[in-house]
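Numbering (our numbering), first residue to last: 126 to 527. C-beta: ideal position from N, C-alpha, C; glycine also.
Dropping the structure here:
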């Protein structure tokens, strides 16, 4: 990279005092007094997760050496190499262990600028060149200390930090909205899919017919058609986050045998799942293709009864009740496998068809809100990434007050 006019290239060791955290050992875990310390998992990009803090012994010398001060940066030595956050809470006594580097600015660099810089180079060849690779990637203190930093004057650093901070605030606010919407959907599903909350029908009157018990086997049919004539070539898999996917999109290459005549055929509107992964949510309805193929290990089935709405059933399979049934059916099973017979044995209460459809529409609206927020969040993150690429390389310069 060409050094922009007015910028310098400095090494991390020139800009910061570096200190690797305290080594964990049996004595430190038993001896008193004990203090909370931060580990690799507590450090996320730009923030700290303090929900699971552990304790160990720090002696008087350790307390001076490993105590965090406001604006200290902690950088992950392993795991996601380079991930870092700035400690802001000067009033809290807390320490850190050997999986983390502590960086304390000597005054020539704004801590937030360095955090943004590390986020920009994470996963790139630049950082990779300074990473020691055995079986696990590590960023040693020796390598970190000589990592180059493209450094503008301090006033320009502050302006860059302020601009990127605006995007960070928008991302954080959208993440909170998204999390709230997801929690609201869960609560809504819990109320609607159990009949605890009843909706209004088209005339404005609350649904009041009692829900009836059904065994799923009376409403569903297993589909066992095979691709004998090789008329279908589209091989699919089912994930717990995206439903039906093309393996080449999910895994960057097609994962399937050349011989697919024994594969199961799945058609639009039918359901498919991996019996060994349904317990983690790998269950879906085929909506985006007219047909496809699934590995012989998969289960394929369809709804045969007019008493069961397809959308309602799809949401019910995401409910806590369905998850509990699935978990119960895997108990005592070596492979945690849930076959079609197990699904068929589930007994659940079902409202009348019109109420099913109304429930599904209400939950679908919650899904749309979540989808809109997720797209907004993805867009903000892409905008921030592009902005950082411009600002942290000097391709786009900021105005600095005279």
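Item to check | Residue environment, residue 317, which counts as buried when at least 16 other CB atoms sit within 10 Å | outcome: Position 192 of the chain shown holds residue 317. Burial call: buried.
Item to check | Three-way DSSP call (helix, strand, coil) for residue 230 in this model | outcome: Stepping through the chain shown from its first residue, residue 230 is reached at position 105. Judged by DSSP in its simplified three-state form, residue 230 adopts strand.
Next on the checklist: Rounded to the nearest angstrom, what separates residue 121 and residue 427 at their Cα positions?
Outcome noted: This structure does not reach residue 121, given that the chain is present from 126 up to 527, and the question cannot be answered.
Next on the checklist: Which residue marks the beginning of the beta strand (DSSP E) containing residue 339, and which one marks its end?
Outcome noted: Taking the chain shown and counting its residues from 1, one reaches residue 339 at position 214. That run of the beta strand (DSSP E) goes 337-340.
Item to check | Rounded Cβ spacing between residue 350 and residue 390 (contact assumed at less than 8 Å) | outcome: Taking the chain shown and counting its residues from 1, the one referred to as residue 350 is at position 225. Taking the chain shown and counting its residues from 1, the one referred to as residue 390 is at position 265. Confirmed, about 4 Å.
Item to check | Segment limits, alpha helix (DSSP H) that includes residue 191 | outcome: Here residue 191 corresponds to residue number 66 of the chain shown, with the count starting at 1. That run of the alpha helix (DSSP H) goes 185-191.
Item to check | residue 126, buried or exposed, once every other Cβ within 10 Å from all chains shown has been counted against 16 | outcome: Counting from one through the chain shown, the residue named residue 126 turns up at place 1. With fewer than 16 other beta carbons inside 10 angstroms of its own, residue 126 counts as exposed.
Next on the checklist: Can you check which of these residues, 348, 475, 360, is closest to residue 323 by C-alpha distance?
Outcome noted: On the chain shown, residue 323 is found 198 positions in, with the first residue counted as 1. Ranked by Cα distance from residue 323, the options 348, 475, 360 are led by 475.
Checklist entry - Can you tell me the Cα-Cα spacing of residue 380 and residue 402, whole angstroms? => result Within the chain shown, numbered from 1, the residue matching residue 380 stands at position 255. Within the chain shown, numbered from 1, the residue matching residue 402 stands at position 277. Bear in mind that a pLDDT of 49 at residue 380, under 50, signals an unreliable position, so the model cannot answer this.
Next on the checklist: Within 10 Å of its beta-carbon, does residue 245 have 16 or more other beta-carbons around it, so buried, or fewer, so exposed?
Outcome noted: The residue labelled residue 245 in the question sits at position 120 within the chain shown. Around the beta carbon of residue 245, a 10 Å sphere encloses 16 or more other beta carbons of the protein chains shown; the residue is thus reported as buried.
Checklist entry - Quick one: what does DSSP say residue 127 is sitting in, helix, strand or coil? => result Position 2 of the chain shown holds residue 127. In this structure, residue 127 counts as coil in the three-state DSSP scheme.
Checklist entry - Smallest Cα separation from residue 338: which of 358, 407, 478, 472? => result In the chain shown, counting from the first residue as 1, residue 338 sits at position 213. Nearest of 358, 407, 478, 472 to residue 338, Cα basis: 472.
Next on the checklist: Check this for me: beta carbons of residue 485 and residue 408, under 7 Å apart or not?
Outcome noted: What you label residue 485 is simply residue 360 of the chain shown in a count that begins at 1. What you label residue 408 is simply residue 283 of the chain shown in a count that begins at 1. No, these two residues do not count as a Cβ contact at 7 Å.
Item to check | Stretch pair the segment 281-288 + the segment 229-242: three plus CB contacts closer than 8 Å | outcome: Cβ pair count under 8 Å is three or more, so yes.
Next on the checklist: To the nearest angstrom, how far is the alpha carbon of residue 358 from that of residue 411?
Outcome noted: As a first step, residue 358 is located in the chain shown; it is residue number 233 there, counting from the start. As a first step, residue 411 is located in the chain shown; it is residue number 286 there, counting from the start. For the pair residue 358 and residue 411, the Cα-to-Cα distance works out to about 16 Å.
Checklist entry - Quick one: any contact between the segment 363-370 and the segment 494-513, if contact means 3 or more CB pairs under 8 Å? => result Between the segment 363-370 and the segment 494-513, the count of C-beta pairs closer than 8 Å stays below three; the two stretches do not touch.
Checklist entry - Going by DSSP, which residues form a beta bridge with residue 426? => result The residue you call residue 426 lines up with position 301 of the chain shown. Note: residue 426 sits in a beta bridge opposite 347, 396.
Checklist entry - Taking the C-alpha atoms as reference points, what is the distance between residue 423 and residue 399? => result Your numbering for residue 423 matches position 298 in the chain shown. Your numbering for residue 399 matches position 274 in the chain shown. Those two C-alpha atoms are separated by around 5 Å.
Next on the checklist: Taking the alpha-carbon of residue 261 as reference, which of 519, 232, 202, 299 has the nearest alpha-carbon?
Outcome noted: As a first step, residue 261 is located in the chain shown; it is residue number 136 there, counting from the start. Out of 519, 232, 202, 299, the CA that lies nearest to the CA of residue 261 is found in 202.
Checklist entry - Bridge partners of residue 369, per DSSP? => result Stepping through the chain shown from its first residue, residue 369 is reached at position 244. DSSP links residue 369 through a beta bridge to 363.
Next on the checklist: Across the segment 146-165 and the segment 219-227, are there enough close Cβ pairs to call them in contact, namely three or more that are closer than 8 Å?
Outcome noted: A contact exists between the segment 146-165 and the segment 219-227.
Item to check | Neighbourhood of residue 499 by C-beta distance below 8 Å, restricted to the same chain and skipping five residues each side | outcome: Here residue 499 is taken as the residue at index 374 of the chain shown, counted from 1. Excluding sequence neighbours, residue 499 sits near 303.
Next on the checklist: According to DSSP, residue 257 sits in a beta bridge with which residue or residues?
Outcome noted: For the purposes of this step, residue 257 is taken as residue 132 along the chain shown, with counting starting at 1. Residue 257 is bridged to 263.
Item to check | Delimiting residues of the alpha helix (DSSP H) encompassing residue 274 | outcome: On the chain shown, position 149 is the one that residue 274 refers to. For residue 274, no alpha helix (DSSP H) run applies; the uninterrupted beta strand (DSSP E) run containing it begins and ends at 273-276, by DSSP.
Checklist entry - Which residues does DSSP pair with residue 133 in a beta bridge? => result For this step, residue 133 is matched to residue 8 along the chain shown. Residue 133 has 276 as its beta-bridge partners, per DSSP.
Checklist entry - residue 235 lies in the beta strand (DSSP E); which residues open and close that run? => result In the chain shown, residue 235 corresponds to position 110, counting from 1. Membership of residue 235 in any beta strand (DSSP E) is not indicated, and neither H nor E is assigned to it by DSSP.
Next on the checklist: I'd like the span of the alpha helix (DSSP H) that includes residue 513, first residue to last.
Outcome noted: By one-based count along the chain shown, residue 513 stands at place 388. Segment 478-516, the alpha helix (DSSP H) holding residue 513.
Checklist entry - If you draw a straight line from the C-alpha of residue 495 to the C-alpha of residue 301, how long is it? => result Within the chain shown, the letter at position 370 stands for residue 495. Within the chain shown, the letter at position 176 stands for residue 301. So the alpha carbons of these two residues sit roughly 11 Å apart.
Checklist entry - Counting along the chain, where does the beta strand (DSSP E) carrying residue 142 start and finish? => result In the chain shown, the residue the question calls residue 142 occupies position 17. Its beta strand (DSSP E) spans residues 141-145.
Next on the checklist: Since residue 404 and residue 466 should fall inside the 8 Å C-beta cutoff, what is the C-beta to C-beta distance between them, to a whole number of angstroms?
Outcome noted: For the purposes of this step, residue 404 is taken as residue 279 along the chain shown, with counting starting at 1. For the purposes of this step, residue 466 is taken as residue 341 along the chain shown, with counting starting at 1. So it is not a contact: roughly 16 Å between Cβ atoms.
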